[in-house]
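*Asks:* Pasting a structure here, questions to come.
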Amino acid sequence: MEPVHNIAACPEFEALLEDQLAGELSGADAEKLAKHVEGCAACGDALEEATAGTRLLQLAEAAPDPGPGFSRVVMARIRAESDRRSEEKSLWLPLISVAWRFAASATLALLVLVTFDASRHSQARTRVAQSHDLFADPTSPPASRDEVLRMVVETNHGN
Amino acid sequence: MADVPKSMAASASAIALPMARQRKREEDAELVRLAQSGEEAAFEELIRRHQQRVFGLVNGILRRREDVEDVAQQVFLKVFVSLKRFDLRAAFSTWLYKITVNECWDYLRKKKVRPLVYEADLSEEQVSRLDGVVSAERPPESPVQRAEARDMLERLLDELPEQDQRLLTLKEVEGFSVQELAEILSLNVNTVKVRLFRARARLMDVYRRRLGSVSNRPAAKGRQKTHGTGS
Numbered sequence: 831m832e833p834v835h836n837i838a839a840c841p842e843f844e845a846l847l848e849d850q851l852a853g854e855l856s857g858a859d860a861e862k863l864a865k866h867v868e869g870c871a872a873c874g875d876a877l878e879e880a881t882a883g884t885r886l887l888q889l890a891e892a893a894p895d896p897g898p899g900f901s902r903v904v905m906a907r908i909r910a911e912s913d914r915r916s917e918e919k920s921l922w923l924p925l926i927s928v929a930w931r932f933a934a935s936a937t938l939a940l941l942v943l944v945t946f947d948a949s950r951h952s953q954a955r956t957r958v959a960q961s962h963d964l965f966a967d968p969t970s971p972p973a974s975r976d977e978v979l980r981m982v983v984e985t986n987h988g989n
Numbered sequence: 018m019a020d021v022p023k024s025m026a027a028s029a030s031a032i033a034l035p036m037a038r039q040r041k042r043e044e045d046a047e048l049v050r051l052a053q054s055g056e057e058a059a060f061e062e063l064i065r066r067h068q069q070r071v072f073g074l075v076n077g078i079l080r081r082r083e084d085v086e087d088v089a090q091q092v093f094l095k096v097f098v099s100l101k102r103f104d105l106r107a108a109f110s111t112w113l114y115k116i117t118v119n120e121c122w123d124y125l126r127k128k129k130v131r132p133l134v135y136e137a138d139l140s141e142e143q144v145s146r147l148d149g150v151v152s153a154e155r156p157p158e159s160p161v162q163r164a165e166a167r168d169m170l171e172r173l174l175d176e177l178p179e180q181d182q183r184l185l186t187l188k189e190v191e192g193f194s195v196q197e198l199a200e201i202l203s204l205n206v207n208t209v210k211v212r213l214f215r216a217r218a219r220l221m222d223v224y225r226r227r228l229g230s231v232s233n234r235p236a237a238k239g240r241q242k243t244h245g246t247g248s
């Protein structure tokens, strides 16, 4: 932010000068500024110039008064907006309820199918196990190499 | 207060002001809680309490009086929609002013609004009228003179950078404090003070340049102004 104006105040005193303009300077800061301005023509001139600028700004007109009707207008807009939203909602409501029912029926059907499938699988497994039992070899497999040789010898014994 | 020294009066008001602000903040918080629980009357009361400041802020940023009400309405609609999310950690006013500033930037971006463009210089008579105001010797008396002087000030302000225009208008015309401006514009308090002081100097610089150009001119021209919209 370059100072384009002709009268430049000392940068370290600009904030204090602004306080002085606003009438918010008191105590040690006020004394400090007064002492400085006494010896600094640039700051004195800048303060005078800023005071004139403030006087000029007093001419400007503040924003128009919204009046008591403003809040009513805003509230009416808010109500209209929420009415519109709830209307939109009510338009979708029957569709939403149908969708929910459809979703519930589909879940139920899926559940029935899964249960049916699981029970079928368990029946099949039982049947396989039973057939294994029917054809199962009652002898246990040989545990060591010696046992295998003994079995071979026993088998060939009859020959 | 007439007999009280100025410094004492200043410190007394320095104590009273934060207290009043704190009380207002607590009242706002209560109204916000009620509005969050669905009480429309509480929200309407919040609008009533802050509408003037929001108007001032919008006017200070846009400097287009014809659009102030529309933008202010939009601000309160947005506030109503997002009120449930507001957690009261900051003051309601600070939150509201930030929404207002954002809404103004959105508005300026969407509309691509350019500042007022003046096609002609000020006349000698007009400048001398302003000179009366600056020197505090001859303030404009009639409403017509005042309106004309105001119009001239607007033209001077339009020659300043936008940031200067906004700061000066918000502070001197709409009455926002330096503290408030710092919060609204997310700036340091000292930065706001320095910028304000420099903006005043720049305003006077523009004014002096105008004064100089009028005194060097053989014949003063008339004035016209047009609104520039880029859309």
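Just so you know, the sequences run in chain order A and B.
Following my numbering, the numbering of the first sequence begins with 831 at its first residue and continues without gaps.
Following my numbering, the numbering of the second sequence begins with 18 at its first residue and continues without gaps.
No residue lacks a Cβ here, since even glycine has one placed at the ideal position from N, Cα and C.
No experiment lies behind these values; they were computed from the predicted model shown.
Which word fits Arg-955 of chain A, buried or exposed, when buried means at least 16 other C-beta atoms lie within 10 angstroms of its C-beta?
*Replies:* exposed
*Asks:* What are the boundary residues of the alpha helix (DSSP H) that includes Glu-120 of chain B?
*Replies:* 109 to 128
*Asks:* If I measure Cβ to Cβ from Ile-116 of chain B and keep anything under 8 Å in the same chain, skipping five residues before and after, which residues do I get?
*Replies:* Val-92, Lys-95, Val-96 and Ser-99
*Asks:* Taking only heavy atoms of the ligand PLP into account, decide whether any of them is closer than 8 Å to the Cβ of Arg-50 of chain B.
*Replies:* The ligand PLP is not part of the structure shown, which contains no ligands of any sort.
*Asks:* Use the C-beta contact count for Met-221 of chain B: other C-beta atoms within 10 angstroms, 16 or more gives buried, fewer gives exposed.
*Replies:* buried
*Asks:* At a CB-CB cut-off below 8 Å, which residues of chain A make contact with Ile-64 of chain B?
*Replies:* Phe-900, Ser-901, Val-904 and Met-905
*Asks:* Measuring CB to CB, does Thr-186 of chain B end up less than 9 Å from Asn-76 of chain B?
*Replies:* Closer than 9 Å, so yes.
*Asks:* Quick check on DSSP: helix, strand or coil for Glu-43 of chain B?
*Replies:* Looking at Glu-43 of chain B - three-state DSSP - the assignment turns out to be helix.
*Asks:* Whole angstroms are fine: how far does the CA of Ala-939 of chain A sit from the CA of Val-904 of chain A?
*Replies:* Cα to Cα, Val-904 of chain A sits roughly 51 Å from Ala-939 of chain A.
*Asks:* What does a CB cutoff of less than 8 Å around Leu-177 of chain B pick up in its chain, not counting 5 residues either side in sequence?
*Replies:* Leu-185, Ala-216, Arg-219, Leu-220 and Val-223
*Asks:* Classify Pro-896 of chain A as buried or exposed, calling it buried when 16 or more other Cβ atoms lie within 10 Å of its own Cβ.
*Replies:* Pro-896 of chain A should be labelled buried.
*Asks:* Using 9 Å as the limit for Cβ to Cβ distance, is Phe-103 of chain B near chain A?
*Replies:* no
*Asks:* Would you tell me roughly how many angstroms separate the C-alpha atoms of Val-71 of chain B and Asp-123 of chain B, rounded to the nearest one?
*Replies:* Answer to the nearest angstrom: the Cα atoms are 16 Å apart.
*Asks:* Of the residues B:Thr-111, B:Gln-180 and B:Gln-182, which one's Cα is nearest the Cα of Gln-196 of chain B?
*Replies:* B:Thr-111
*Asks:* Does the separation of the CB atoms of Glu-61 of chain B and Ser-920 of chain A fall below 9 Å?
*Replies:* no
*Asks:* So, helix, strand or coil for Glu-868 of chain A, using DSSP?
*Replies:* helix
*Asks:* Would you grab the beta carbon distance between Phe-193 of chain B and Glu-848 of chain A for me? Rounded to a whole angstrom, and I think it's under 8 Å.
*Replies:* Rounded, the Cβ-Cβ distance is 14 Å, inconsistent with contact.
*Asks:* Per DSSP, what kind of secondary structure is Arg-931 of chain A in: helix, strand or coil?
*Replies:* helix
*Asks:* Does the Cβ of Gly-73 of chain B have 16 or more other Cβ atoms within 10 Å, making it buried, or fewer, making it exposed?
*Replies:* buried
*Asks:* With 9 Å set as the bound, which would you pick, yes or no: does the beta-carbon of Ala-838 of chain A sit closer than that to a beta-carbon of chain B?
*Replies:* yes
*Asks:* With respect to the alpha helix (DSSP H) encompassing Gln-91 of chain B, which residues constitute its N-terminal and C-terminal limits?
*Replies:* 82 to 99
*Asks:* Quick check on the DSSP output: the alpha helix (DSSP H) that includes Gly-77 of chain B runs from which residue to which?
*Replies:* 57 to 79
*Asks:* With a threshold of 16 other CB atoms inside 10 Å of the CB of Met-169 of chain B, please say whether the residue is buried or exposed.
*Replies:* buried
*Asks:* Can you tell me the Cβ-Cβ gap for Ala-906 of chain A and Ala-872 of chain A, rounded? I've got them flagged as a contact below 8 Å.
*Replies:* With 8 Å as the limit, Ala-906 of chain A and Ala-872 of chain A do not qualify as a contact, their Cβ atoms being about 56 Å apart.
*Asks:* For Asn-119 of chain B and chain A, any beta-carbon pair shorter than 9 Å?
*Replies:* Cβ-Cβ to chain A under 9 Å: no for Asn-119 of chain B.
*Asks:* Check each candidate in A:Pro-924, A:Glu-868 and A:Leu-889 and name the one with the smallest Cα separation from Ser-159 of chain B.
*Replies:* A:Leu-889
*Asks:* Taking the alpha-carbon positions, what's the Leu-147 of chain B to Gln-53 of chain B distance?
*Replies:* 50 Å
*Asks:* Just the Cα atoms here: how many angstroms apart are His-866 of chain A and Pro-841 of chain A?
*Replies:* 12 Å
*Asks:* Residues of the region 878 to 891 of chain A in Cβ contact with chain B at a cutoff of 9 Å, in chain order, please.
*Replies:* Glu-879, Ala-880, Thr-881, Ala-882, Gly-883, Thr-884, Arg-885, Leu-886, Leu-887, Gln-888, Leu-889, Ala-890 and Glu-891
*Asks:* Comparing the C-beta of Leu-851 of chain A with each C-beta of chain B, is any distance below 9 Å?
*Replies:* yes
*Asks:* Taking all protein chains shown into account, decide if Lys-188 of chain B is buried (16 or more other Cβ within 10 angstroms of its Cβ) or exposed.
*Replies:* Buried: at least 16 other Cβ atoms inside 10 Å.
*Asks:* Can a CB atom of chain B be found closer than 9 Å to the CB of Glu-848 of chain A?
*Replies:* So, interface residue.
*Asks:* Go ahead and pull the three-state DSSP assignment for Phe-103 of chain B.
*Replies:* The answer is coil: DSSP assigns Phe-103 of chain B none of H, G, I, E or B.
*Asks:* Could you check whether Phe-109 of chain B and Leu-63 of chain B sit closer than 9 Å to each other, using their CB atoms as the reference points?
*Replies:* Annotated as proximal: Leu-63 of chain B and Phe-109 of chain B, with beta-carbon spacing under 9 Å.
*Asks:* Spatial neighbours of Val-151 of chain B within its chain, please: CB distance less than 6 Å, with the 5 preceding and 5 following residues excluded, ordered by chain position.
*Replies:* none
*Asks:* First and last residue of the alpha helix (DSSP H) that includes Asp-175 of chain B?
*Replies:* 160 to 175
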